[in-house]
Amino acid sequence: MVYTSVDQPYAEPILAEFERETGIRVRAVYDVEASKTTGLVNRLLAETSSPRADVFWSSEVVQMILLEERGVLAVYESPQAVDLPDQYQDPEGYWTGFAARARAIIVNTDLVPASDFPRGLADFLDPSRPGESIAIAYPFFGTTATHAAALYALQGPEAALGFFEELAGRGVRVVDGNSVVRDLVASGELAFGLTDTDDACGALRRGEPVAVILPDQDGPGTLVIPSTVALIADSPNPEQGRALIDYLLRPETEEALVRAGYSHVPLHPDTSPPETCISSDVAAMEVDYHDVYDYFAVSQEQLRAVFLR
Amino acid sequence: MPDASLPGGPLGQALALGIYLLVVMGPLLALTGLTVRSLLGGQADELALVLPTGRRLELLANSLALSAAVAALVTVEGWLAATAIWAMARSRANALLFLVLPLAALPPYLYALAWFGLVRGLEPLLALLGLGAPAPYGWTGVLWVQGAAFAPLGLGFAWLGLRNLDPDLIDSGRTARHDAAVLARIALPMSAPALATGAGIVFLLSLLDYSVPSLFQINVYPLEVFADYSATNSPERALLMTIPLLLIAGAAAASLLRPIRALTTRMPSGGRRWSSPPHWPVGLITLQWLALGLLSLQALAPLGVLLAQSGGLGGIGLSLASAWGDLRSSLWSAGLAGAMSALVGMGLARRLRNETGGGVWWLLAMAPLAIPASLAGLGFVVVTAPLEGSLRGALVLGPALVLFGRFVPLSALILLAQMRRLDPLLFESARLSESSAWRRAILVEIPLLGGGLLAAAGLVFALSLGELGATLLAVPPGMGALSIRIYNYLHYGASETVAGLCLVLEICVLAAAVGTLALAARWERRIASGEAG
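Protein sequences appear in the order of chains A and B.
Quick note on numbering: the first sequence equals residues 948 to 1256 in this note's numbering.
Quick note on numbering: the second sequence equals residues 75 to 607 in this note's numbering.
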């Protein structure tokens, strides 16, 4: 039994292929963006005393660390993970990152000439770019919340809070999720916005007039957000759970997720993915995800006061 | 005393009450238990969350203003439109009502998406006319979309109020005053209980919704609760922060008790409307038709948008094929929730009918309407977490149970209204002539209440089919739901598939609604002819 916050259209074919190859039947529960991460993570927390899931396959990392801290996860170091970079693995072996996405700026090419494309987060504060033509998602949900906490960890709370206060002061549109940012930019309602690579590249693939920029490649780098997978402590079917984790962590599965348009930053060194909509050479932001987790609560508290009024 | 109890009399009622407390109130009680434990365990300072101050108070004020405005808008528009329908020939009126009323079951989020699509589609036309497209954010947008989503409810309750009027009273009034005065002095005050009930229910639904306001960048209190919950993963904090909403919702429900009672004690058994066509001033007729046109546009335009985006029949077929398993699961859960709501709602309705005290039963019965969906779902997880072994197999019933818990109050209201409409002597003679409660129930009571049972089951089925918040937490591994798949594809950006699946959902809702309404009407006619005979 697997709980997953990876979008159903991406996760379902992978799980079906696992069933076909191994003969192990998979029963999945999917999360949705609209549940704002309160869906499956809270369900796993509520089920801690009597777990029903064997595996949690998350679309990001901070909620996985939360589950680790709350004792929901079991240690499992998959043999398929030996080649994966240490930065994307839990040092104690509770979870493993793979098939990453990255934060991205999506730009409407009808509205912004290539010579004027934003290059980084500083452009969100550029006075020559009207604040009301720019969007971010609420920074207290999903990967935008993770990004906010990462900025807290990287720049320090004061500087990061100042950045968001300035965004709010400029009248930047704060909308209900990364997919809404994508849709508003793709439709020409807005000039550019901050979202994830899967959203931005999806719009590009559908022929929308957009460009995808990885922010701050010449500076502190782009925040890379790995998918993470973990075994649930005291799960009902641990053996099958480990088999699924091994399967998900294979380079072939990562390639399939890249081909499907979910991941754009494969983490296996020997993965030879098909061409994606972004450069294969991503300068990643140097952050420790446990530090990001440590700043999560305080960033949420402060940013709610900035944006929810 | 007329007797419309469940089979088994007191035993049946006790069973219904037990199920009600366990399934409907259980999740809330479980969360309350967790919260009390947390407060006693050293988190007493979190009690401060109950009292919103500063920014949270402003958000609560936003919520109240929005909900009140939406309720007022929907009620006025619904009443004006209903008065226009009231003057129509019966066949035209019925056709219009059958088309619009079932749309009450579609989630507001779908209305928002459809209207976003419509505005974008109209942009070139508006540009040709030298007009800009309306900004897709702000109070106007959220009022329009929530108004559209709840417009069928407003119309439904206003129609109920007008249908409730005694035609002889209207005719007597017309002999002394002109028709506009009759409408203002007789029809409006007498349909006020129905209007107040509808306004109250719309207020509650709007008060708990954060998804549509957040799409339009209107920050409301439920979003603050959700953001805190997302950051802390603490259901105890979420429950404490929800208490102001529960209190407001409770006060709203309490203020509805009198109109609901009045509504359900005045129901005549259908019958004629105007003895001759009414003559209203041109100004009033204009307002009525404006309201009817606006309501039809609000409610029906999303259908057109979804049809245009879905890629035609082929596209709908592909969407259906991709979600066939989820649709089956949703139909099963919604059907079961509908059936359970009808049966337990019957016991609850009987209890409410006999309620003469301080309204505690009314508050208890209406409380589920004030519980946010995600908390209801989480409470269900807490209640069922200890289940072990083969008992876990029963969790396949999870979505049905949690949906039943959310919507059974509406079912009880419908059945209460149905009971009020029937001649008490029918029940009394059945009680005297048939000693077996089971035989009495099967041979007399269920047939007599059949129309109401079908309508109650149909309404809960329709509402359940599109529900997301609680379903997401209650669905067991391996079991999908149509609403979950729709929201997943929404994020994925597959607008064609989303539109196709929304249409599938809408077709199911319409089919269920039309089917149950038609069956209920037929049943009612049979009962009426039996009465006449």
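All C-beta atoms, glycine included, are put in the ideal place defined by N, C-alpha and C.
Predicted, not measured: the structure shown is a model, and the values here were computed from it.
Residue i, DSSP secondary structure in three states
i: residue 1141 of chain A; result: strand
i: residue 596 of chain B; result: helix
i: residue 967 of chain A; result: helix
i: residue 1264 of chain A; result: Residue coverage of chain A in this structure runs from 948 to 1256, which leaves residue 1264 of chain A outside it and unanswerable.
i: residue 1075 of chain A; result: coil
i: residue 82 of chain B; result: At residue 82 of chain B the pLDDT is 49, less than 50, meaning the model places this residue with poor confidence and gives no usable figure here.
i: residue 995 of chain A; result: coil
i: residue 291 of chain B; result: coil
i: residue 77 of chain B; result: With a pLDDT of only 45 at residue 77 of chain B, under 50, the local geometry of the prediction cannot be trusted, and the value read off the model is given with reservation. In the structure shown, residue 77 of chain B sits in coil (DSSP, three-state: anything other than H, G, I, E or B).
i: residue 1205 of chain A; result: helix
i: residue 345 of chain B; result: Confidence in residue 345 of chain B is poor, its pLDDT being 49 and thus under 50, which makes the residue's placement unreliable; the coordinate value appears in the next sentence. Three-state DSSP puts residue 345 of chain B in coil, outside helix and strand.
i: residue 912 of chain A; result: Residue 912 of chain A cannot be examined here, being either before or after the span of chain A that is shown, 948 to 1256.
i: residue 1036 of chain A; result: strand
i: residue 443 of chain B; result: helix
i: residue 459 of chain B; result: coil
i: residue 1231 of chain A; result: strand
Beta strand (DSSP E) segment containing residue i, residue limits
i: residue 1178 of chain A; result: 1171-1179
i: residue 1050 of chain A; result: 1043-1055
i: residue 1120 of chain A; result: 1120-1122
i: residue 977 of chain A; result: 975-977
8 Å Cβ shell around residue i - same chain, five flanking residues per side excluded
i: residue 1009 of chain A; result: 1092, 1093, 1096, 1236, 1239, 1240 and 1243
i: residue 543 of chain B; result: 446, 447, 448, 450 and 451
i: residue 426 of chain B; result: 435, 436, 439, 486 and 490
i: residue 1151 of chain A; result: 1157, 1158, 1159 and 1224
i: residue 1183 of chain A; result: 948, 998, 999 and 1001
Reference residue i; option with closest CA among the options
i: residue 376 of chain B; options: B:577, B:244 and B:112; result: B:577
i: residue 100 of chain B; options: B:480, B:252, B:592 and B:122; result: B:480
i: residue 619 of chain B; options: B:547, B:484 and B:551; result: Within the shown structure, residues of chain B are numbered from 75 to 607, placing residue 619 of chain B beyond reach of any answer.
i: residue 1216 of chain A; options: A:1047, A:1149, A:1051 and A:1019; result: A:1047
i: residue 170 of chain B; options: B:150, B:315, B:320 and B:374; result: B:374
i: residue 289 of chain B; options: A:1158, A:1145, A:1109 and A:1120; result: A:1120
i: residue 1204 of chain A; options: A:1045, A:1250 and A:1071; result: A:1045
i: residue 1049 of chain A; options: A:1145, A:1024 and A:1152; result: A:1145
i: residue 1129 of chain A; options: A:1115, A:1165, A:1103 and A:1080; result: A:1080
i: residue 406 of chain B; options: B:272, B:371, B:531 and B:423; result: B:531
i: residue 154 of chain B; options: B:129, B:85, B:236 and B:117; result: B:236
i: residue 1226 of chain A; options: A:1233, A:1086 and A:1213; result: A:1213
i: residue 1051 of chain A; options: A:950, A:1245, A:1139 and A:1013; result: A:1139
Close beta carbons around residue i, own chain, < 6 Å, minus the five adjacent residues each side
i: residue 1207 of chain A; result: 957
i: residue 112 of chain B; result: 310
i: residue 1007 of chain A; result: 1090, 1093 and 1172
i: residue 534 of chain B; result: 411, 412, 415, 481 and 485
i: residue 553 of chain B; result: 403
i: residue 295 of chain B; result: 133, 134 and 137
i: residue 124 of chain B; result: 314 and 317
i: residue 91 of chain B; result: none
Cβ neighbours of residue i in the same chain (closer than 7 Å, five flanking residues each side left out)
i: residue 1005 of chain A; result: 952, 1011, 1174 and 1175
i: residue 1200 of chain A; result: 961 and 1194
i: residue 1249 of chain A; result: 1108
i: residue 992 of chain A; result: 1017 and 1019
i: residue 569 of chain B; result: 383
In DSSP terms, what residue i is bridged to
i: residue 1157 of chain A; result: A:1055
i: residue 1004 of chain A; result: A:951 and A:1176
i: residue 905 of chain A; result: Nothing can be reported for residue 905 of chain A: it is not among the residues displayed for chain A, which extend from 948 to 1256.
i: residue 1212 of chain A; result: A:1047
i: residue 1021 of chain A; result: A:1178
Host alpha helix (DSSP H) of residue i (start-end)
i: residue 1187 of chain A; result: 1185-1195
i: residue 354 of chain B; result: First-last for residue 354 of chain B: undefined, no H or E at that position.
i: residue 111 of chain B; result: 100-114
i: residue 1102 of chain A; result: 1089-1102
i: residue 1010 of chain A; result: 1009-1016
i: residue 272 of chain B; result: 262-281
i: residue 220 of chain B; result: 213-237
i: residue 198 of chain B; result: 182-202
i: residue 534 of chain B; result: 520-539
i: residue 247 of chain B; result: 241-250
i: residue 390 of chain B; result: 386-396
i: residue 168 of chain B; result: 164-174
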